[in-house]
Amino acid sequence: MLNVAVEHHFGSFVLDAAFDSAGGLTALFGRSGAGKTSLINAIAGLLRPARGQIVVDGEVLTDTVRGVFVPARHRRIGYVFQEGRLFPHLSVRQNLLYGRWFAPKGGGASEVDHVIDLLGIGALLHRRPANLSGGEKQRVAIGRALLARPRLLVMDEPLASLDEARKTEILPYIERLRDEAGVPIVYVSHQVAEVARLATTMVVLTEGRVAAVGPTAAIMGRIDLFPLTGRAEAGAILATRVAGHDPAFGLTILRAAAGELRVPHLDLPVGAALRIRIRARDVMIALQPPEGLSALNVLPGTVAEIGRADGPIVEMRLDCAGEALIARLTRRSVETLGLAPGRPVYAVIKSIAFDHHAFAGTAPPSGADAETRHG
Amino acid sequence: MTALLSFSPEELTAIRLSLRVAFWAMLCSLPVGVAMALLLARGRFWGKSLLNAIVHLPLVMPPVVTGYILLLLFGRRGPLGRLFAETFGIVLAFRWTGAALACAVMGFPLMVRSMRLSLEAVDRRLEDAAGTLGANAFWVFATITLPLILPGIVAGMILSFARALGEFGATITFVSNIPGETQTLPTAIYTLIQVPGGDLAAFRLTLVSIAISLAALLASEVLIDRATRRAQGL
Chain A
44 MLNVAVEHHF GSFVLDAAFD SAGGLTALFG RSGAGKTSLI NAIAGLLRPA RGQIVVDGEV
104 LTDTVRGVFV PARHRRIGYV FQEGRLFPHL SVRQNLLYGR WFAPKGGGAS EVDHVIDLLG
164 IGALLHRRPA NLSGGEKQRV AIGRALLARP RLLVMDEPLA SLDEARKTEI LPYIERLRDE
224 AGVPIVYVSH QVAEVARLAT TMVVLTEGRV AAVGPTAAIM GRIDLFPLTG RAEAGAILAT
284 RVAGHDPAFG LTILRAAAGE LRVPHLDLPV GAALRIRIRA RDVMIALQPP EGLSALNVLP
344 GTVAEIGRAD GPIVEMRLDC AGEALIARLT RRSVETLGLA PGRPVYAVIK SIAFDHHAFA
404 GTAPPSGADA ETRHG
Chain B
27 MTALLSFSPE ELTAIRLSLR VAFWAMLCSL PVGVAMALLL ARGRFWGKSL LNAIVHLPLV
87 MPPVVTGYIL LLLFGRRGPL GRLFAETFGI VLAFRWTGAA LACAVMGFPL MVRSMRLSLE
147 AVDRRLEDAA GTLGANAFWV FATITLPLIL PGIVAGMILS FARALGEFGA TITFVSNIPG
207 ETQTLPTAIY TLIQVPGGDL AAFRLTLVSI AISLAALLAS EVLIDRATRR AQGL
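So the protein lines, in turn, are chains A and B. Just so we're aligned, residue 44 is where the first sequence starts under this note's numbering, counting upward by one. Just so we're aligned, residue 27 is where the second sequence starts under this note's numbering, counting upward by one.
This is how it looks when you write it as structure tokens:
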């Protein structure tokens with residue numbers, strides 16, 4: 044459990060943010076300058092807020108009313124910095140073990156081996172940070188923070204300085220961390236795709252304030268938040284399971300509450316859970332079940348909400364058997380089709396739209412990875 | 027050639043004394059130098075620029091003035107000199123210990139300057155990172171800051187040592203030029219030049235002086251390079 048309420052002034056910038064998190068991975072999402080880093084600095088004890096209270100697992104770490112401020116070194120909050128901040132004069136091994144000198148005893152050597160194994164850094168132990176790639180540095184930085192036995196891990200855009208290939212290399216490790224290590228994580232990011240893939244809970248920050256908090260799928264599906272979450276990348280998250288494979292055409296069939304989806308083959312067993320993101324701009328709307336169309340995926344639903352028009356483009360939320368789907372259309376199409384809340388429609392999604400940005404939580408699709416529409 | 031290398035006992039004494047004085051001057055000013063560098067690099071207090079100026083004063087004042095001030099303060103009747111003699115039994119005036127003090131004072135600004143520069147170059151975010159891993163102020167300094175500023179410390183020590191070997195004005199003013207007690211290489215050379223027939227000996231000691239200085243500078247290059255590589259993780 045994490046409860047945060049912080050107020051602090053930096054010149055003319057005011058940070059006044061509060062949120063609670065029940066565990067898992069909480070993403071602090073917002074543009075640069077929204078106050079994300081200041082907020083986790085306050086959580087980690089690197090920033091003493093003018094007013095506020097920070098409670099982790101019932102222990103009060105900051106309480107300006109009662110004059111409580113536990114120094115960073117006693118908080119047991121692991122911090123993974125954007126630039127890694129590995130100690131240049133120490134080997135990878137010494138970096139990893141640094142926090143263990145000061146951490147409460149226990150766990151033994153098996154814990155060290157487990158973390159080294161989890162992050163795949165066994166071959167790097169005798170190297171110096173200067174000789175590591177960006178991705179390796181960040182994995183070591185994560186390991187160093189974990190081995191200090193933190194009760195909470197905060198990560199400040201750990202992938203921001205990495206190229207696309209290195210990001211893909213590290214994301215699975217962060218997922219394993221979230222699912223296996225059992226340490227709650229607060230994760231700062233301004234990348235929608237990253238947050239959609241990793242976050243259980245999403246906190247949207249704008250200009251030092253919290254605009255919304257909630258489960259990631261619910262927040263991502265909110266049309267009113269698109270100006271903050273980014274219109275171009277806007278999309279809905281669906282929880283699916285692998286229902287079967289179609290080897291003849293190299294397709295995998297996913298089942299969601301909204302219906303079945305055919306996507307390029309995924310190397311996953313039948314029954315595996317998969318979180319996918321369908322971007323609003325990949326969804327077309329039809330009034331009748333379409334025929335003579337190349338798109339394989341057609342989901343029936345009703346128009347639930349039409350967003351405020353901003354120029355020629357309009358977003359709308361569809362209700363597909365209880366699940367939200369976001370579609371992005373021109374204002375002209377909305378008028379021509381006579382779309383209004385309550386109207387039954389069919390959402391059409393090309394299978395090819397399911398590139399590596401769509402899949403969250405497991406291995407990327409084997410066939411669609413070559414399509415890199417966003418670099 | 028053999029005449030050039032046959033040192034008289036007095037000359038050997040001067041060489042040994044010079045090395046001893048320079049060594050102790052460097053060693054005793056080391057902890058004070060680190061503390062002063064920390065204070066000047068990290069401290070925020072009223073009068074910091076004044077303190078900085080005072081530390082640098084021996085660099086710009088005529089050495090004879092520094093020597094005279096030391097004589098006034100640490101002489102037999104000086105307030106500090108009496109205090110040292112009565113409480114610790116250490117007499118500085120006209121002793122080799124006084125020569126070491128004079129050399130330490132003269133080399134102090136060079137030492138502090140070198141350490142301060144390297145302290146200011148330390149990425150303080152690394153110290154924050156060590157803090158989040160549980161290290162307190164002492165351990166952060168011992169395990170992060172100190173190894174990172176080691177090149178600056180080594181450079182400061184060498185500079186102080188080299189300055190001490192060449193110190194003349196403050197030494198001769200404060201502790202005079204007593205063979206076997208306060209006669210270091212520079213003062214010995216000075217004396218020999220004044221005496222008829224002392225040319226050869228003066229030349230000998232000049233060569234020794236050059237050799238020691240050169241060795242110190244070369245050693246410093248190697249040590250600083252090694253420490254820098256370590257600090258940068260290369």
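Think of the CB as a built atom: it goes at the ideal place given N, C-alpha and C, for glycine as much as any other residue.
Counting only Cβ-Cβ distances shorter than 7 Å, please list the residues of the segment 82-107 of chain A near chain B, keeping chain order. Ala87 and Leu89
Amino acids of chain B, ordered along the chain, whose beta-carbon sits closer than 7 Å to that of A/His132: Contacts between A/His132 and chain B, judged by CB atoms closer than 7 Å, involve Pro173, Leu174, Arg256, Ala257 and Gly259 in chain order.
Could you please tell me which residues of the segment 140-166 of chain A, in chain order, have their CB closer than 8 Å to any CB of chain B? Near chain B, meaning a CB-to-CB distance below 8 Å, the residues of the segment 140-166 of chain A are Tyr141, Gly142, Trp144, Phe145 and Ala146.
Could you tell me the distance, in whole angstroms, from the CA atom of A/Gly351 to the CA atom of A/Val123? First, the residue type needs correcting, since residue 351 of chain A is Arg and not Gly in the sequence shown. If you take the alpha carbons of A/Arg351 and A/Val123, they lie about 39 Å apart.
Check each candidate in B/Leu31, B/Val47, B/Ala161 and B/Arg255 and name the one with the smallest Cα separation from A/Ala173. Measuring from the Cα of A/Ala173, the nearest candidate turns out to be B/Arg255.
Distance, B/Phe187 Cα to A/Ile159 Cα: 46 Å
C-beta contact flag for A/Arg320 and A/Ala239 at 7 Å: Note that the C-beta distance between A/Arg320 and A/Ala239 is below 7 Å.
Here's a check: name, in chain order, each residue in its chain whose Cβ is nearer than 7 Å to the Cβ of A/Leu89, leaving out the five neighbours to either side. Ala115
Pair within 7 Å by beta-carbon distance, A/Arg194 and A/Asp100: yes
Can A/Glu243 and A/Leu68 be called in contact, C-beta distance under 7 Å? In the sequence as displayed, the identity of residue 243 of chain A is Thr instead of Glu. It is a contact, given that the beta carbons lie within the stated cut-off.
Tell me which residues share the same chain as B/Phe134 and place their Cβ nearer than 6 Å to its Cβ, disregarding the 5 neighbours each side in the sequence. Ser55
Please classify A/Ala166: is it buried, with 16 or more other beta-carbons within 10 angstroms of its beta-carbon, or exposed? Label assigned to A/Ala166: exposed.
A/Ile262 and A/Ala255: beta carbons closer than 7 Å? yes
A/Val253 lies in the beta strand (DSSP E); which residues open and close that run? A/Val253 -> beta strand (DSSP E) spans Arg252 to Pro258.
In or out: A/His169 buried (at least 16 other Cβ within 10 Å) or exposed? exposed
Buried or exposed for A/His417, going by 16 or more other Cβ atoms inside 10 Å? Here A/His417 scores only 34 on pLDDT, less than 50, and its place in the model should not be relied on; the value that follows carries that caveat. When all chains shown are included, A/His417 counts as exposed.
Taking the alpha-carbon positions, what's the B/Pro35 to A/Arg143 distance? 58 Å
Would you tell me roughly how many angstroms separate the C-alpha atoms of B/Leu159 and A/Glu276, rounded to the nearest one? 36 Å
CB B/Phe200 to CB B/Gly104, shorter than 7 Å? no
Minimum C-alpha distance to A/Pro312 - residue among A/Leu330, A/Val326 and A/Asp289: A/Asp289
In the DSSP assignment, what are the bridge partners of B/Tyr216? Bridge partners of B/Tyr216: none, in fact.
Is B/Ser151 close to chain A, meaning its C-beta is less than 7 Å from at least one C-beta of that chain? The sequence shown places Arg at residue 151 of chain B, rather than the Ser named in the question. It does: the Cβ of B/Arg151 has a partner Cβ on chain A nearer than 7 Å.
Could you check whether the Cβ of B/Leu159 sits closer than 7 Å to any Cβ belonging to chain A? yes
For chain B, check one thing: does any of its Cβ atoms lie closer than 7 Å to the Cβ of A/Arg171? yes
Go through its chain and collect everything with a Cβ distance to B/Gly59's Cβ below 7 Å, but skip five positions before and after it. Phe134, Met137, Val138, Met141 and Gly182
Using Cβ-Cβ distances below 8 Å, what residues of the segment 177-210 of chain A are close to chain B? Arg187, Ala188 and Ala191
Determine, using beta-carbon pairs with one atom in the segment 222-239 of chain B and one in the segment 148-166 of chain B, whether at least three such pairs fall under 8 Å. no
Grab the span of the alpha helix (DSSP H) containing B/Ala111 for me, first residue to last. For B/Ala111, the enclosing alpha helix (DSSP H) starts and ends at Pro105 to Thr113.
I'd like to confirm the pairing. Which residues does DSSP put opposite A/Ala370 in its beta bridges? A/Met359
Rounded C-beta distance between B/Leu211 and B/Leu233? I'm assuming under 8 Å. With a Cβ gap of about 11 Å, B/Leu211 and B/Leu233 do not count as contacting.
Can you tell me where the beta strand (DSSP E) holding A/Gln96 begins and where it ends? Note, A/Gln96: beta strand (DSSP E), Arg94 to Val99.
Given a cut-off of 7 Å on the beta-carbon distance, is the pair A/Asp325 and A/Ala396 in contact? Between A/Asp325 and A/Ala396, the CB-CB gap stays under 7 Å.
Distance between A/Leu241 and A/Leu336 (C-alpha atoms, nearest Å): 34 Å
Going by other Cβ atoms of all chains shown within 10 Å of its Cβ, with 16 needed for buried, is A/Ala184 buried or exposed? buried
Supposed close pair A/Leu196, A/Gly121 - CB separation, criterion 8 Å: 4 Å
Out of B/Leu174, B/Val166 and B/Phe33, which has the shortest C-alpha to C-alpha gap to B/Glu153? Ranked by how close their Cα comes to the Cα of B/Glu153, the residues B/Leu174, B/Val166 and B/Phe33 have B/Val166 in first place.
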